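Peer 1: Add 2 to a position in the sequence shown, counting from 1, and you land on the number used in this note's numbering.
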Amino acid sequence: MAQRYEYRVVELREGLIGGKMSGDKLEKVLNQHAREGWQLKAITSVEVKGRIGPGGVEGVLVTLERPTT
Numbered sequence: 003m004a005q006r007y008e009y010r011v012v013e014l015r016e017g018l019i020g021g022k023m024s025g026d027k028l029e030k031v032l033n034q035h036a037r038e039g040w041q042l043k044a045i046t047s048v049e050v051k052g053r054i055g056p057g058g059v060e061g062v063l064v065t066l067e068r069p070t071t
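What follows is the structure, encoded as structure tokens:
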């Protein structure tokens, strides 16, 4: 029987209106999810909608994967 997986996508940006993504913040998010059994599948740089104003800000989408039980 083939292994089945589930996925989670997490949208990250540094602040309310953008800013540089810190490695520390990314590391904390990855470690938090790893404790729940998630494994990093991909990181994609994107423009995400800011919470303030109409424009987008630089961010990343983190795609995580884990086997289903």
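Even for Gly, the Cβ is constructed at its ideal location relative to N, Cα and C.
Quick caveat: nothing in here was measured; it's all calculated off a predicted structure.
(1) In whole angstroms, what is the alpha-carbon distance linking residue 1 and residue 63?
(2) Could you pull out every residue in the same chain whose Cβ sits closer than 8 Å to the Cβ of residue 7, ignoring the five residues on either side in sequence?
(3) The beta strand (DSSP E) with residue 13 in it runs from where to where?
(4) Could you check the C-alpha separation between residue 60 and residue 13 for me, to the nearest Å?
(5) When DSSP builds the beta bridges, which residues end up paired with residue 70?
Peer 2: Answer, in terms of the structure:
(1) Outside the shown range of the chain (3 to 71) lies residue 1, about which nothing can therefore be said.
(2) 67, 68, 69, 70
(3) 7 to 14
(4) 11 Å
(5) In DSSP, residue 70 forms no bridge with anything.
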